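Numbering (my numbering), first residue to last: 297 to 349. Beta carbons: idealized from backbone N, C-alpha and C, even for Gly. Predicted, not measured: the structure shown is a model, and the values here were computed from it. Heads up, the thing below is written out as structure tokens.
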């Protein structure tokens, strides 16, 4: 069994930046139109645009 008690480098600046993450913001109101965006369609090697539907 591998057990490490060496915690050097664990508590660094990156750890403290991610310890309390910034909560997500939602600027889209319920019932409003979704923003137009493009997603890749890997199966057909093309892109799919939300505005086309």
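Collapsed DSSP secondary structure at residue i in the structure displayed
i	result
residue 326	coil
residue 308	coil
residue 315	helix
Paired residues, beta bridge with residue i - DSSP
i	result
residue 336	343
Straight-line Cα distance separating residue j from residue i
i	j	result
residue 326	residue 332	16 Å
residue 345	residue 336	9 Å
residue 304	residue 310	13 Å
residue 314	residue 301	22 Å
residue 323	residue 312	27 Å
residue 334	residue 320	21 Å
Residue from the options with nearest C-alpha to residue i
i	options	result
residue 329	299, 306, 308, 347	347
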